[in-house]
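Worksheet for the structure shown next.
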Amino acid sequence: MTRIEAHLRRRALNLCEPVLQHTLAACSGDTSFPLHITPLSFYFASPIQVIASAGWSWCLGSAALGSVYKAASLLNSSQGNPLQRPGPLSWRPRGQDSSRCFRMSEEVEVLSGNTLSEDVEKVVEKISNTTVEFRVPRVNCPEHIILVVDVCHEVGNTPYRLADGSKFSALYMVKRALTLFLQNKHAIDARHKFALVLLHNIPVWISDFTSDPQKIISDLELAEERPATTHCDLSLVFELIAHQISLPKCSNPSVVPPPYMYRTILIYGRSHCLPQFLHGKELFSHLIQSPHFVLDVLYTHESPSDNNKCEGIFDLLCGLDEGGWSYVLEVSRNATKLHNYFGTLLAHPFQRPVQKDLSYTLVPKD
């Protein structure tokens, strides 16, 4: 690292502050965050979120990020990028002192009606008690990101309500947040590619891999809500993915970075339908065991109650993280948190910390 790069890196770390929340709150119409910002030392998900300028750091969102991308790429150019991604500790399955805490967005009392299956408990306990070692070099190689978007609309679904009183469906808000994610991810590294899968009764591969985010955004805008189904077969999802991709092969994956890696982001939005593997987990296991494949999950749901299965669904989604590499996030009808979580997912899987090591604690400057 040159002296200039080291200076810029230190300056960014000294000046950056958690203004991503303010920007995303503004994008989502939430005015609960104050607009006054004070300088704080804070480790961001990605340098793309930071602009160091005259003692202040401003996150400008997708509309005005162009001026920071050169600085961001410079900060992100060397291995072992210190701008590690912070993120929320979401839910913790009951009885576990691990990374995921079942904390509902609307301050709803946690219900204890659903219980973890034995298989899920074993996986969560294994992850909680294991120190995860990185299987690959911490290098930001190009990502091939598969977006799996659930389009089911269940009877009685409540909309997102913004600060100005306007209401929008869950799918509309997911589209909005995904648009920002695609634009910002492409701006971070134009080599990233994206594919789109819509999930209803069966998964449908809508858009093949492209480095043009506008193509995915256009196809996503055409997606419409569909009536809910009685089941969700994840076997079909990973079978489709396995037949569409070709995992890179490296002679020494722990030392040599791959030419690219795959990440699937599953956006699941049902509160009454438990996802299952009805046709076995062979292909899922084949993918998840590869050091060059990562699965992240964002669960958007209703407030939990006796009338839905939110807790049980989340427990099952946590069980998909068999190696401790995934991010499994949840959000109820909170537009700000939805946008924040997509900001969390911007960071490269090879450079981010494991979820159980994350914290949103603000550390003031010394």
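Start counting the sequence shown at 1; every next residue gets the next number (full-length UniProt numbering).
Note that the Cβ used here is the ideal one computed from N, Cα and C, for glycine as well.
Under the three-state reduction of DSSP, Val-149 is assigned to strand. Proximity to Tyr-172 across His-348, Ser-290, Pro-227, Ala-223 peaks at Ala-223, based on C-alpha coordinates. Three or more beta-carbon pairs separated by less than 8 Å are not found between the segment 159-172 and the segment 206-218, which leaves the two stretches without contact. CA-CA distance, Arg-270 to Ile-146, rounds to 20 Å. Sixteen is the threshold: since fewer than 16 other Cβ atoms of the shown chains lie within 10 Å of the Cβ of Glu-221, the residue is exposed. Ser-251 and Gln-289 have their C-alpha atoms some 16 Å from each other. Within the segment 278-364, the complete beta strand (DSSP E) segments of 3 residues or longer fall at 293-300, 328-331, listed in chain order.
Within the model, the alpha-carbon separation for Leu-162 versus Pro-257 is close to 43 Å. For the pair Pro-259 and His-286, the Cα-to-Cα distance works out to about 20 Å. Inter-residue distance for Ala-335 and Phe-342 is about 11 Å (C-alpha atoms, whole angstroms). With respect to the 8 Å criterion, Leu-247 and Tyr-268 are not classified as neighbours on the basis of their beta carbons.
For Pro-253 and Arg-135, the gap between their C-alpha atoms comes out near 7 Å. Counting the other CB atoms within 10 Å of its CB gives Lys-249 a total below 16, which places it among the exposed residues. Judged by DSSP in its simplified three-state form, Asp-219 adopts helix.
For Ser-207, the enclosing beta strand (DSSP E) starts and ends at 203-210. Counting C-beta atoms within 10 angstroms of its own C-beta, Pro-275 has 16 or more neighbours from the protein chains shown and is therefore classed as buried.
In summary, Pro-159 is exposed, with fewer than 16 beta-carbon neighbours lying within 10 Å of its beta-carbon over all protein chains present. Rounded to the nearest whole angstrom, the CA to CA distance from Asp-212 to Val-155 is 35 Å.
Rounded to whole angstroms, the Cβ separation of Lys-193 and His-144 is 5 Å, and the two are in contact under 8 Å.
The beta carbons of Phe-284 and Phe-238 sit about 4 Å from each other, so the pair counts as a contact at 8 Å. A straight-line Cα-Cα distance of about 16 Å links Thr-264 and Cys-141. Between Lys-337 and Val-331, the gap from beta carbon to beta carbon is short of 8 Å.
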